[in-house]
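Position one of the sequence shown corresponds to residue 4 (the working numbering), numbered consecutively onward.
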Amino acid sequence: MKRTIFNEDHNAFRESCRTFVDRTLRPHHEKRMANHEFGREMWLELGKQGLLGLNVPEAYGGAGVGDLRFSLILAEELSRLALAYPSCVGIHTNCIAPYLVDLGTEEQKQRWLPRFCTGELITALAMTEASGGSDLAALKSRAVRDGDDWILNGSKTFITNGASADLVLVAARTTPERGAKGITLFAVEAGMQGFERGRKLDKVGQPEADTSELFFDEVRVPSANVIGEVDHGFVYMMQRLVAERIGSAVNNIAHARQILEETLDYVKERTAFGTPIGSFQANKFKLAELQTLADVTQTFVDQCVMEAVLGTLTAADAAKAKWWSAQAQNDILDACVQLWGGYGYMSEYRVARAWADARVAKIWAGSNEIMKELIGRDLGL
Ligand SMILES: Cc1cc2nc3c(=O)[nH]c(=O)nc-3n(C[C@H](O)[C@H](O)[C@H](O)COP(=O)(O)OP(=O)(O)OC[C@H]3O[C@@H](n4cnc5c(N)ncnc54)[C@H](O)[C@@H]3O)c2cc1C
């Protein structure tokens, strides 16, 4: 089905992203999976192409592109390679950039954004703690004022880009008695005394992502590293989770469509009982259902993208796009594994890896249950 939300500039940009992914990123994909990290060189390559600062103003080294669709096109092209790419790059470009651009002081922007755009400064967002991620307002990390500084204690887990990040936005409780209204965001920099990384976590999928635990033991963070207003962190996070969720939805459906495309090629070639397996009615009908699911999902996600471009996307609609696309992605990939037969279960096959990579889409950035909770509340329930 023809997508209607892109113009010629978008299409040309997509072509250049696709070429970049195929020529520069794809050749080193296996190495990244084996090393359990992307490596600094990937970030520098993205920076050299001007892809890390699309939504950062030119004054700070970015491209100053106001149209969110360009960032999402990049994410779609990265999704075609593997889901970890748009997830890890997206945390940097689509999640952290808005915090620094919208909330950063002039001094902070000058200090961080130019290197953010070149890939010399990799970033991460640390909200989740071992005691719970869904109930963000219950986080336990604590920061206490000490003169002009803050003393940060606590830990975070499951942090994307956690092992490699040079700058981590950390949510910590600053006024405990105020609950959600007592949380502040701090920019913790690599090398600050007391800031340690745990191991890279051994995940079911996305091996190339260096998801890690982070520990903060009496870390002295200067006031100059507070992001936005003290005690406003929870509101900032809630406001920006809408963009994170539509970004996830875009990645989810792009990832599923790529593997579905590869599966369609496979079922035309693979034979059983002297016939291509795709021509058995059971499989033909299954593929018809999957293609319909992919097209219907894409249409809703595209509509949400346009709402986001116009600034009218609601939290409830972003939640619908996120949970639905994650479910559709998982359903499509599970069916694709089945169509590849035994090969679908072999880690060396893209379909198997994609299936494992996708499982987390129903859990992270707000689980499917939490998305439905938000939608239910919007219904007045
Ligand atoms: C690979 C990976 C990368 C991640 N990257 C980041 C990152 O960069 N930064 C970051 O801060 N976090 C990150 N996360 C954390 C992620 O956002 C959390 O795992 C997620 O929010 C769920 O939190 P939890 O794991 O503590 O599960 P819990 O909150 O303990 O939930 C467990 C289960 O209970 C369900 N549940 C909870 N509350 C309700 C409710 N009210 N109604 C119904 N069901 C409910 C949940 O849906 C879930 O199924 C990442 C996680 C993973 C796995």
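Glycine included, each C-beta is placed from N, C-alpha and C at the ideal position. Keep in mind the model is a prediction, meaning the values are calculated, not measured.
Out of A62, T7, E80, E33, the CA that lies nearest to the CA of F16 is found in E80. Bridge partners of A285 according to DSSP: none are assigned.
Runs of the beta strand (DSSP E) lying entirely within the region 174-225 and spanning at least 3 residues, in chain order: 186-192, 198-203, 215-225. Not one heavy atom of ligand 1 lies closer than 7 Å to the C-beta of S82.
With a cut-off of 8 Å on Cβ pairs, the region 287-294 is not in contact with the region 109-118, counting fewer than three such pairs.
By the 16-neighbour rule on beta-carbons within 10 angstroms, T22 is exposed.
Annotation for K206: A212, T214, V363 place their beta carbon closer than 8 Å to its own, counting only its chain and skipping 5 residues before and after.
Taking all protein chains in view, the Cβ of N14 is surrounded by fewer than 16 other Cβ atoms within 10 Å, so the residue is classified as exposed.
Taking the Cα positions, Q196 is about 18 Å away from L124. The closest CA to that of L155, considering only A129, V224, E372, G136, is found on V224.
At the C-beta level, V173 and V147 stay beyond 8 Å of one another. Within a 10 Å sphere around the beta-carbon of A78 sit 16 or more other beta-carbons, which makes this residue buried. If you check the CB distance, W46 and G122 come in under 8 Å.
Contact annotation: Q301 and I256 have beta-carbon atoms nearer than 8 Å. Per the coordinates, the alpha-carbon of Q306 lies some 19 Å from the alpha-carbon of E11.
For the pair of segments examined, the region 268-286 was found not to touch the region 355-375: the number of CB pairs separated by less than 8 Å stays below three. According to DSSP, residue pairing for W153 in a beta bridge involves R148, V224.
Pairing M240 with M130 gives a Cβ-Cβ distance under 8 Å. Under DSSP, the beta-bridge partners assigned to I230 are L188. Between the region 178-191 and the region 54-65, the count of C-beta pairs closer than 8 Å stays below three; the two stretches do not touch. In this structure, the CA atom of R72 is about 26 Å from the CA atom of V171. In the structure shown, F9 adopts coil according to DSSP, grouped into three states. Just so you know, the alpha carbons of T160 and F303 end up roughly 32 Å apart.
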